[in-house]
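Heads up: the sequence shown at position 175 corresponds to 174 in numbering that gives the first Met the number 0, and the numbers run straight through without jumps.
Presented below is the structure to which this report refers.
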Amino acid sequence: MRFNPFAWAKLKFLCHAGDSEIGGFGITSRDDLLLVEDFVTVKQSTTAISVKFDDVAVAEFFEDQVDADRMPEQFARIWLHTHPGDCPNPSSTDEVTFARVFGNCDWAIMFILARGGQTYCRLRFNSGPGGSMNIPVAVDFYTSFAASDHTAWQKEHKRNVTIEPLVPRNRLLAQSDDWDLVEDPFANEVEALLEDDMFEFEVESWEDDQCRI
Ligand SMILES: [Zn+2]
Numbered sequence: 000m001r002f003n004p005f006a007w008a009k010l011k012f013l014c015h016a017g018d019s020e021i022g023g024f025g026i027t028s029r030d031d032l033l034l035v036e037d038f039v040t041v042k043q044s045t046t047a048i049s050v051k052f053d054d055v056a057v058a059e060f061f062e063d064q065v066d067a068d069r070m071p072e073q074f075a076r077i078w079l080h081t082h083p084g085d086c087p088n089p090s091s092t093d094e095v096t097f098a099r100v101f102g103n104c105d106w107a108i109m110f111i112l113a114r115g116g117q118t119y120c121r122l123r124f125n126s127g128p129g130g131s132m133n134i135p136v137a138v139d140f141y142t143s144f145a146a147s148d149h150t151a152w153q154k155e156h157k158r159n160v161t162i163e164p165l166v167p168r169n170r171l172l173a174q175s176d177d178w179d180l181v182e183d184p185f186a187n188e189v190e191a192l193l194e195d196d197m198f199e200f201e202v203e204s205w206e207d208d209q210c211r212i
């Protein structure tokens with residue numbers, strides 16, 4: 000799968016725009032369903048370890064894309080989200096979401112970008128005998144692409160992303176089972192973030208045994 004520089008820059012920008020994960024959909028070229036030309040977010044509730052899309056917002060996003068004359072294959076097959084730290088491997092929740100939401104599509108892709116720059120990309124086929132495979136990722140500088148628009152991206156983040164506080168479990172015992180006590184995953188990331196290069200020319204694949212979280 001390839002990103003054009005615009006989509007890649009926007010994903011990287013939004014990955015670091017707030018102290019939470021962020022998710023959205025890849026919009027692809029009609030002629031090349033594996034060339035991501037834009038990354039679009041919808042209203043979502045996020046924490047440092049989770050993203051939950053608003054169902055109504057997803058439905059509206061799909062309607063807008065159809066109105067823009069795009070086919071579902073161009074906007075509803077590539078699920079992109081970010082992870083804190085430097086581990087891009089899918090969590091068990093990611094796997095459940097991928098199967099539940101995209102299990103009825105003939106094919107779909109789960110792409111994860113970790114804040115450290117590591118990536119994970121899996122193509123899943125649901126038709127025929129089915130199957131899935133990890134596929135390489137690249138930023139394609141030979142495609143045409145729009146200029147970056149940090150102001151608009153920041154506004155999109157503010158409009159769509161609600162960051163929920165992480166609360167220690169023992170304070171919520173009587174109220175909810177859904178919360179976990181989580182150490183601040185960004186505590187050691189500040190230095191790395193400052194050195195982060197917004198525009199990388201290569202996207203390195205990642206080995207399972209390199210994950211630290
Ligand atoms: Zn995830």
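Glycine residues also receive a C-beta, built at the ideal position from the N, C-alpha and C atoms.
As assigned by DSSP and simplified to three states, the class of residue i
| i | result |
| --- | --- |
| alanine 145 | coil |
| asparagine 125 | coil |
| lysine 42 | coil |
| phenylalanine 140 | coil |
| serine 91 | helix |
| asparagine 159 | helix |
| arginine 99 | helix |
| alanine 113 | strand |
| asparagine 3 | coil |
Residue i classed as buried or exposed, judged by whether at least 16 other C-beta atoms fall within 10 angstroms
| i | result |
| --- | --- |
| arginine 29 | exposed |
| isoleucine 134 | exposed |
| lysine 11 | buried |
| glutamate 154 | The amino acid occupying residue 154 in the given sequence is lysine; glutamate does not appear at that position. Answer is exposed; the Cβ neighbour count stays below 16. |
| asparagine 103 | exposed |
| arginine 114 | buried |
| glutamate 20 | buried |
| leucine 193 | The predicted position of leucine 193 is uncertain, since its pLDDT is 42 and thus under 50; a value taken from the coordinates is nonetheless stated next. It counts as exposed. |
| glutamate 36 | buried |
| arginine 123 | buried |
| aspartate 196 | A caution first: aspartate 196 carries a pLDDT of 42, below 50, which makes its placement in the model unreliable, though a value can still be read off. Exposed. |
| threonine 27 | buried |
Candidates the options, of which the one nearest residue i by Cα
| i | options | result |
| --- | --- | --- |
| tryptophan 78 | Phe97, Phe60, Cys86 and Glu20 | Phe97 |
| phenylalanine 38 | Leu165, Phe144 and Cys86 | Phe144 |
| phenylalanine 60 | Leu165, Val41 and Ala107 | Val41 |
Separation of residue j from residue i, as counted between CA atoms
| i | j | result |
| --- | --- | --- |
| phenylalanine 2 | phenylalanine 24 | 12 Å |
| leucine 13 | proline 128 | 37 Å |
| aspartate 68 | threonine 92 | 32 Å |
| proline 87 | histidine 80 | 10 Å |
| aspartate 53 | aspartate 63 | 15 Å |
| valine 84 | phenylalanine 101 | Checking the sequence shown, residue 84 turns out to be glycine, not valine. Distance between the alpha carbons of glycine 84 and phenylalanine 101: 26 Å. |
| tryptophan 152 | glutamine 43 | 15 Å |
Length at least 4, wholly inside the segment 8-35: the alpha helix (DSSP H) runs in chain order: none
Whole runs of the alpha helix (DSSP H) within the segment 42-67, excluding any shorter than 4 residues: 54-66
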